[in-house]
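Asker: Before I ask anything, let me first share the structure, which is written out below as structure tokens.
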Amino acid sequence: MNLVRAELLKIRTTSTWWWLAIGAFVSIVLAFAFNAWVASTVLGGDADTVGLSGEQSTPAAQAANIYTSGQYLGLMFVMLIGILMVTNEFFHQTATTTFLATPRRTSVIIGKLVAASLLGFLFWLATTVIDLVAGAAFLTITDHGTQLGEWPVQRALLFNLLAYAIWTILGVGIGTLITNQLGAVITAAVLYLIGTQVVGLLFLLLSSLLDTQAVVKWQVIWPAVASQVMISEGQSPLTPAWWVGALVLAGYALVSGVAGVLITRRRDIS
1 MNLVRAELLK IRTTSTWWWL AIGAFVSIVL AFAFNAWVAS TVLGGDADTV GLSGEQSTPA
61 AQAANIYTSG QYLGLMFVML IGILMVTNEF FHQTATTTFL ATPRRTSVII GKLVAASLLG
121 FLFWLATTVI DLVAGAAFLT ITDHGTQLGE WPVQRALLFN LLAYAIWTIL GVGIGTLITN
181 QLGAVITAAV LYLIGTQVVG LLFLLLSSLL DTQAVVKWQV IWPAVASQVM ISEGQSPLTP
241 AWWVGALVLA GYALVSGVAG VLITRRRDIS
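Using our numbering, read the sequence shown as starting at 1 and increasing by one per residue.
Below is the structure:
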């Protein structure tokens, strides 16, 4: 716990998390406005306009989407926090001091993983409170009720929490793999923002070549897609079940955590 508190102190006493929090807030505002427009269109009877299936057009499905607004960029921001928790040690040349103070490197990385998960929880809590207040008001005004008693909505909120926790763990894993701070941040951001679009395009092209839409479902192997899938309610021909996304993301978290520990234990720290 001393290691966890130390990691939280390192983050809390820098301005980095403030900038990331501001970015997360802006992303929530923009995403909520878009999701509210989609919900208004779908629940108004024009689901075909936005290409949603019947299962995705229910009030519960739209409420789940609204209450998780801002997840896409929010997950990137918490991933960056996880990366900075590791790369800051090398950027500010404190890694040697850290490992001299705590020779058991496994304990250090586990401390970072736990601290990262706690930060992910705090980001989820803050964003979810904003979404719940604004979303409940919007749904009540539009005469659809808050939908908070529906299991699909509750599941989306819980799995959104899991996504935030896992992406901070993934960030720590990336930081242990690429210790150069600028290189790690740029690589992770590009893979997240541009890589996701490229993966989607590649699977669409592959489905066209093989003449089957079933192939498109396999893009869930990409973690950013898996995050979106596991909080979605209702399926389209191009979307796998929510539990598939949850299993994929959990697998990434396990591999990332183990890899982070093994790499750090073997790395030469000078």
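Note that CB positions come from ideal geometry on N, CA and C, so glycine has one too.
For arginine 5, does the three-state DSSP call read helix, strand or coil?
Answerer: helix
Asker: Quick check: the Cα distance between tyrosine 67 and glycine 82, rounded to an integer number of angstroms?
Answerer: A direct Cα-Cα distance of roughly 24 Å separates tyrosine 67 from glycine 82.
Asker: Taking the runs of the alpha helix (DSSP H) that are 4 residues or longer, which of them lie wholly in the segment 176 to 207?
Answerer: none
Asker: Between which two residues does the alpha helix (DSSP H) carrying aspartate 131 extend?
Answerer: 105 to 141
Asker: Can you tell me the Cβ-Cβ gap for leucine 75 and serine 227, rounded? I've got them flagged as a contact below 8 Å.
Answerer: Their Cβ separation, rounded to whole angstroms, is 6 Å, which keeps leucine 75 and serine 227 in contact under 8 Å.
Asker: Comparing alpha-carbon positions, which option in Ile166, Trp222, Trp243 and Phe159 lies nearest tyrosine 192?
Answerer: Proximity to tyrosine 192 across Ile166, Trp222, Trp243 and Phe159 peaks at Trp222, based on C-alpha coordinates.
Asker: According to DSSP, is glutamine 228 helix, strand or coil?
Answerer: helix
Asker: Tell me whether alanine 31 is buried or exposed, calling it buried when 16 or more other Cβ atoms sit within 10 Å of its Cβ.
Answerer: buried
Asker: If you run the structure through DSSP and keep just helix, strand and coil, what is glycine 45?
Answerer: coil
Asker: Work out the CA separation of leucine 170 and glycine 195 for me, nearest whole Å.
Answerer: 16 Å
Asker: Assuming the contact rule is C-beta atoms closer than 8 Å, threonine 146 and leucine 139 should be a hit. Round their C-beta distance to whole Å, please.
Answerer: By a beta-carbon distance limit of 8 Å, threonine 146 contacts leucine 139. Their separation comes to about 6 Å.
Asker: Between the Cα of methionine 1 and the Cα atoms of Leu118, Ala39 and His92, which residue gives the shortest distance?
Answerer: Leu118
Asker: Classify isoleucine 15 as helix, strand or coil using the three-state DSSP reduction.
Answerer: Reading the sequence as shown, one finds serine at residue 15 and not isoleucine. If DSSP states are grouped into helix, strand and coil, serine 15 belongs with coil.
Asker: Verify the contact flag: tyrosine 252, CB atom, against every heavy atom of the ligand PLP, threshold strictly below 7 Å.
Answerer: Inclusion of the ligand PLP in the displayed structure is not the case, the ligand content being empty and no account of it being possible.
Asker: Please state whether the Cβ-Cβ distance between aspartate 188 and methionine 85 is less than 8 Å.
Answerer: A quick correction: the sequence has alanine, not aspartate, at residue 188. It is not a contact, given that the beta carbons lie outside the stated cut-off.
Asker: Counting C-beta neighbours from all protein chains within 10 Å, is the total for asparagine 180 16 or more, i.e. buried, or is it exposed?
Answerer: exposed
Asker: Can you say whether proline 240 is buried or exposed, counting buried as having 16 or more other CB atoms within 10 angstroms of its CB?
Answerer: Classification for proline 240: buried.
Asker: With leucine 98 as the anchor, note down where its alpha helix (DSSP H) starts and where it stops.
Answerer: Reading the sequence as shown, one finds threonine at residue 98 and not leucine. Threonine 98 -> alpha helix (DSSP H) spans 95 to 101.
Asker: Out of Arg265, Trp243 and Thr264, point me to the one whose CA is closest to proline 152's CA.
Answerer: Trp243
Asker: For glycine 175 and tryptophan 167, what's the separation of their Cα atoms in angstroms?
Answerer: Each residue's alpha carbon lies about 12 Å from the other.
Asker: Tell me whether alanine 64 is buried or exposed, calling it buried when 16 or more other Cβ atoms sit within 10 Å of its Cβ.
Answerer: buried
Asker: If distances are taken between C-alpha atoms only, which option among Lys10, Arg266 and Ala126 comes closest to isoleucine 22?
Answerer: Ala126
Asker: Is glycine 173 near serine 256, with beta carbons less than 8 Å apart?
Answerer: yes
Asker: Let me know the secondary structure DSSP gives glycine 149 once reduced to three states.
Answerer: It is coil, neither helix nor strand.
Asker: Determine the direct distance from the alpha carbon of isoleucine 110 to that of arginine 286, and round the result to whole angstroms.
Answerer: Outside the shown range of the chain, which is 1 to 270, sits residue 286, and nothing can be said about it.
Asker: Does leucine 209 come out as helix, strand or coil in the three-state DSSP assignment?
Answerer: In the structure shown, the three-state DSSP call for leucine 209 is helix.
Asker: Output the boundary residues of the alpha helix (DSSP H) element that contains arginine 267.
Answerer: Counting along the chain, arginine 267 sits inside no alpha helix (DSSP H), nor does DSSP assign it H or E at all.
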